[in-house]
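S.K.: Quick one: the structure is below, and I'll ask about it shortly.
In this note's numbering, the protein residues as written are 122 to 850.
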């Protein structure tokens, strides 16, 4: 297999292996030689700070008025002029999807951040000193192009061709994707490629003298015949890499993953220079993982001193980011992702109800997009629009779901770089010891400042504590939401009353948040949610009467618990699980489990009428089903047997709700009164024990009463427990 690989390598390069020479022989091929005095000392690479450019916006997908039509031969020249004038938004909107020929053009020192350069032929072009951050260069041709002194951070070069390209002195390439790119005979000397992704890339006979590849991903990369003098691979992942015939001296492989890589015929040497922290002065494998590293003696044992002949622990090396083979932008917005944006909006519109919240989100998208458009297109000031949102409402209405959708929307617009949310509650903000809270919150926001969203639940419980720890946390949160504007998004989740009190008590926070209020779901919407859940588990053969009783059940539960404690979709989910469990018992008992229709058909008897946590009212205590009516959006009245099983479910009539309320009132003294009392006792126990036993947003029930009374008695040793609480029965 080794001979076959070397044979393919020789054929690809069309030169005999013996002609590749050593590092000393090939140094003459580099564009900047040590004789010129340019490589005597390691280059201190500094990334030039460029102005932040936000993804563009806009409701407008209009082409510039002076743009030639798509099939006009003048379009290519027009696109080039847009690039030269740094009109990136217009370029992204106008450029055709296919290839463009910019061979030999001079674009030196331009800011092309976010430009869509996919499939463009830049052969022999000059891009020296360009800012190419977050550009899309998939499948582009940069053969023999000058890319020296560029900033490539976050750019995407999937399967791009960079043969014989000059990438010397690259300033930064963190998170740049060179997956399967071709660097044959390219010059990467003195470049800072730390954190770049070269998975499967071809670096055949590449010149990599004094190249920094620390923490980079080179899994299965081909470095045959490459020149690596003074290159640094500290903690780089070279699993499965091919280093046949590569050569160089004083190469730093400290902590690198070389498992299953091959270096047969390599020629690594060490100089006699004194070792320093910045420059090891010798070829170094200290702490490198070398299980199944095949070199057939080409690397002497003394050079491998300090190696670890094992595989690294799972997740020891961070996985390379998902390969981006090319995405469709939103109206040409740099950094945007049309599929992500449309997917987020589709997910939102799949949610049942919440019409006002959906309108709020659409308006927010419009403001954000147009703000970016004004800035990029016309150089105007962006409209103020906070991307931090407090999402409030009763339990089970989708507060966390809306936060996740907004994070996906911001990612689709290019405002966030990572759609994975950071989830946190009070414990994530407050440390256990004095002086540690500020650092803990700062660390959380540092993680998010890389372009992520934070979903924070129960944050208003910080106001309930008078200790300095909570005050420290609130102070840092207010400071970082202001200082890091545009770098992350913070979503506060909770009840409306408590959240508004929290924001009102912390004016520094209030002005930094939009407020999204989610409504209680209507009885009809709850049945639509119930149908959706049942359909997902193939229990969708429900009758109109089953849906009618479910509607009665849920409305009775709402009246019993009150708006504060009713779980909305959460209660529907619980009922659905109970129905499925009872259906399973029933088909097992009556011998119908082999009947497919029986497995898909829920019955009224499957509803958990006598479950204390859900309802606690006997079915025969409820009015007869024939006494209830429902009304459709068109005003039509329905009896139970007439109810539709598809489409939007009608709302229960006001007359029927009042009829149900009369029944519920008869059960209220033994149910909702005790629930309220129990929750009051829970809060009292928490206060007296100086620790929380009540999880915010959780309703305590009869089942929790023994625990609460026990804790109260512990707190009030020698005192009687509250005798006003009704006995368990």
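C-beta atoms are modelled at their ideal positions from N, C-alpha and C, and glycine is treated no differently.
Small disclaimer: the values here were computed from a predicted structure and weren't measured.
1) For the stretch 639 to 655 against the stretch 771 to 785, do three or more pairs of beta-carbon atoms, one drawn from each stretch, fall closer than 8 angstroms, so that the two count as touching?
2) Express the C-alpha separation of residue 258 and residue 304 in angstroms, rounding to a whole number.
3) Measure the C-alpha to C-alpha separation of residue 199 and residue 224 and round it to an integer number of angstroms.
4) Do residue 718 and residue 473 count as a contact pair if the criterion is CB distance below 7 angstroms?
5) Taking only the alpha-carbon atoms, compute the straight-line gap between residue 372 and residue 204 and give it to the nearest angstrom.
6) Between residue 501 and the rest of its own chain, which residues show a CB-CB distance below 8 angstroms, the 5 nearest in sequence each way excluded?
7) To the nearest angstrom, how far is it from the Cα of residue 72 to the Cα of residue 433?
8) Taking the CB atoms as reference points, tell me whether residue 364 and residue 387 lie closer together than 7 angstroms.
9) Which residues in the same chain as residue 658 place their Cβ atom closer than 8 angstroms to its Cβ, once the five residues preceding and following it in sequence are excluded?
10) For residue 568, which residues of its own chain have a beta-carbon under 7 angstroms away from its beta-carbon, when the five flanking residues on both sides are left out?
11) So residue 518 packs on residue 639, CB below 8 angstroms; how close in whole Å?
12) Return the Cβ separation of residue 743 and residue 673 in integer angstroms, given the expectation that the two are a contact with Cβ distance under 8 angstroms.
13) Of all the options 298, 682 and 346, which has the alpha carbon lying nearest to the alpha carbon of residue 254?
14) Between the C-alpha atoms of residue 679 and residue 237, what's the straight-line distance to the nearest angstrom?
15) Please report the distance separating the alpha-carbon of residue 609 from that of residue 721.
16) Within this structure, are the beta carbons of residue 283 and residue 312 separated by less than 7 angstroms?
17) What are the start and end residues of each continuous beta strand (DSSP E) run of 3 or more residues lying completely inside the stretch 526 to 573, in chain order?
18) Work out the CA separation of residue 675 and residue 687 for me, nearest whole Å.
19) List in chain order: all unbroken beta strand (DSSP E) runs of 3+ residues lying wholly within the stretch 319 to 403.
20) Measuring straight from C-alpha to C-alpha, what distance separates residue 233 and residue 212?
21) Which residues in the same chain as residue 818 place their Cβ atom closer than 8 angstroms to its Cβ, once the five residues preceding and following it in sequence are excluded?
22) What are the start and end residues of the alpha helix (DSSP H) that includes residue 696?
23) From the DSSP output, which residues share a beta bridge with residue 577?
24) Between which two residues does the alpha helix (DSSP H) harbouring residue 488 extend?
25) State the start and end residues of the unbroken alpha helix (DSSP H) segment that holds residue 638.
26) How far does the beta strand (DSSP E) with residue 512 in it reach, from first residue to last?
27) Measure the C-alpha to C-alpha separation of residue 830 and residue 429 and round it to an integer number of angstroms.
28) What does the alpha-carbon distance come out to for the pair residue 513 and residue 300?
29) Give me, in chain order, the residues of the same chain whose beta-carbon lies closer than 7 angstroms to that of residue 670; leave out the 5 immediate sequence neighbours on both sides.
30) Taking DSSP's pairing of strands, which residues face residue 773 in a bridge?
31) Which same chain residues end up closer than 8 angstroms to residue 631 when comparing Cβ atoms and leaving out the 5 residues on each side of it in sequence?
32) According to DSSP, residue 237 sits in a beta bridge with which residue or residues?
33) Three or more C-beta pairs under 8 angstroms: does that hold for the stretch 661 to 668 against the stretch 473 to 488?
34) Assuming contact is defined by CB atoms lying nearer than 7 angstroms, are residue 339 and residue 314 in contact in what I supplied?
35) Alpha carbon to alpha carbon, what distance is there between residue 482 and residue 528?
36) From the DSSP output, in three-state form, read off residue 277 for me.
M.R.: Considering the structure as presented:
1) yes
2) Position 183 of the chain shown, counted from the first residue, corresponds to residue 304. Position 137 of the chain shown, counted from the first residue, corresponds to residue 258. The straight-line gap from Cα to Cα measures roughly 14 angstroms.
3) Sequence index remark: in the chain shown, residue 199 carries index 78 (1-based). Sequence index remark: in the chain shown, residue 224 carries index 103 (1-based). The alpha-carbon atoms of residue 199 and residue 224 are separated by roughly 15 angstroms.
4) Residue mapping note: residue 473 aligns to position 352 of the chain shown, counting from 1. Residue mapping note: residue 718 aligns to position 597 of the chain shown, counting from 1. Contact flag unset, no.
5) Position 251 of the chain shown, counted from the start, is the residue given in the question as residue 372. Position 83 of the chain shown, counted from the start, is the residue given in the question as residue 204. Those two C-alpha atoms are separated by around 40 angstroms.
6) Taking the chain shown and counting its residues from 1, the one referred to as residue 501 is at position 380. The residues are 495.
7) The chain is shown only over 122 to 850; residue 72 falls outside these bounds and no answer can be derived.
8) Locating residue 364 in the chain shown gives position 243, counting from the first residue. Locating residue 387 in the chain shown gives position 266, counting from the first residue. Contact: yes.
9) Here residue 658 is taken as the residue at index 537 of the chain shown, counted from 1. Excluding residues within five positions, the ones whose Cβ falls inside 8 angstroms are 697 and 701.
10) Mapped onto the chain shown, residue 568 falls at position 447. So the list reads 543, once near-sequence residues are dropped.
11) Locating residue 518 in the chain shown gives position 397, counting from the first residue. Locating residue 639 in the chain shown gives position 518, counting from the first residue. Contact flag correct, Cβ pair sits at about 4 angstroms.
12) Position 622 of the chain shown, counting from 1, holds the residue named residue 743. Position 552 of the chain shown, counting from 1, holds the residue named residue 673. Indeed they touch by this definition, with Cβ atoms about 6 angstroms apart.
13) Here residue 254 refers to the residue found at position 133 of the chain shown. Nearest option by C-alpha distance: 298.
14) Translated into positions along the chain shown, residue 679 becomes position 558. Translated into positions along the chain shown, residue 237 becomes position 116. Residue 679 and residue 237: Cα-Cα distance of roughly 53 angstroms.
15) For the purposes of this step, residue 609 is identified with residue 488 of the chain shown, where counting begins at 1. For the purposes of this step, residue 721 is identified with residue 600 of the chain shown, where counting begins at 1. Answer to the nearest angstrom: the Cα atoms are 46 angstroms apart.
16) For the purposes of this step, residue 283 is taken as residue 162 along the chain shown, with counting starting at 1. For the purposes of this step, residue 312 is taken as residue 191 along the chain shown, with counting starting at 1. It is not a contact, given that the beta carbons lie outside the stated cut-off.
17) 543 to 545
18) To locate residue 687, count along the chain shown from 1; it is residue 566. To locate residue 675, count along the chain shown from 1; it is residue 554. If you take the alpha carbons of residue 687 and residue 675, they lie about 9 angstroms apart.
19) 368 to 370 and 388 to 390
20) The sequence position of residue 233 within the chain shown is 112, counting from 1. The sequence position of residue 212 within the chain shown is 91, counting from 1. Their Cα atoms are separated by approximately 10 angstroms.
21) For the purposes of this step, residue 818 is identified with residue 697 of the chain shown, where counting begins at 1. Confidence in residue 818 is poor, its pLDDT being 48 and thus under 50, which makes the residue's placement unreliable; the coordinate value appears in the next sentence. Answer for residue 818: 516, 578, 579, 615 and 616, listed in chain order.
22) Along the chain shown, one-based indexing puts residue 696 at 575. Segment 690 to 710, the alpha helix (DSSP H) holding residue 696.
23) The residue labelled residue 577 in the question sits at position 456 within the chain shown. Per DSSP, 545 and 613.
24) Here residue 488 refers to the residue found at position 367 when the chain shown is read from its first residue. Its alpha helix (DSSP H) spans residues 476 to 494.
25) By 1-based counting over the chain shown, the position of residue 638 is 517. Where residue 638 is concerned, there is no enclosing alpha helix (DSSP H), although the beta strand (DSSP E) it sits in stretches over 635 to 638.
26) In the chain shown, residue 512 corresponds to position 391, counting from 1. Looking at the DSSP string, the run of the beta strand (DSSP E) that includes residue 512 is 510 to 513.
27) As a first step, residue 830 must be located in the chain shown, where it is residue number 709. As a first step, residue 429 must be located in the chain shown, where it is residue number 308. For residue 830 and residue 429, the distance between alpha carbons rounds to 58 angstroms.
28) Stepping through the chain shown from its first residue, residue 513 is reached at position 392. Stepping through the chain shown from its first residue, residue 300 is reached at position 179. Cα to Cα, residue 513 sits roughly 43 angstroms from residue 300.
29) To locate residue 670, count along the chain shown from 1; it is residue 549. For residue 670, where only same-chain residues beyond five positions count, the Cβ hits under 7 angstroms are 725, 728 and 746.
30) If you number the chain shown from 1, residue 773 lands on position 652. Its beta-bridge partners are 751.
31) In the chain shown, residue 631 corresponds to position 510, counting from 1. 624 and 625.
32) The residue you call residue 237 lines up with position 116 of the chain shown. Partner(s): 257.
33) no
34) Within the chain shown, numbered from 1, the residue matching residue 339 stands at position 218. Within the chain shown, numbered from 1, the residue matching residue 314 stands at position 193. No; because the gap between Cβ atoms is not below 7 angstroms, this pair is not in contact.
35) Translated into positions along the chain shown, residue 528 becomes position 407. Translated into positions along the chain shown, residue 482 becomes position 361. In a straight line, the C-alpha of residue 528 is about 11 angstroms away from that of residue 482.
36) For the purposes of this step, residue 277 is taken as residue 156 along the chain shown, with counting starting at 1. In the structure shown, residue 277 sits in a strand (DSSP, three-state: E or B).
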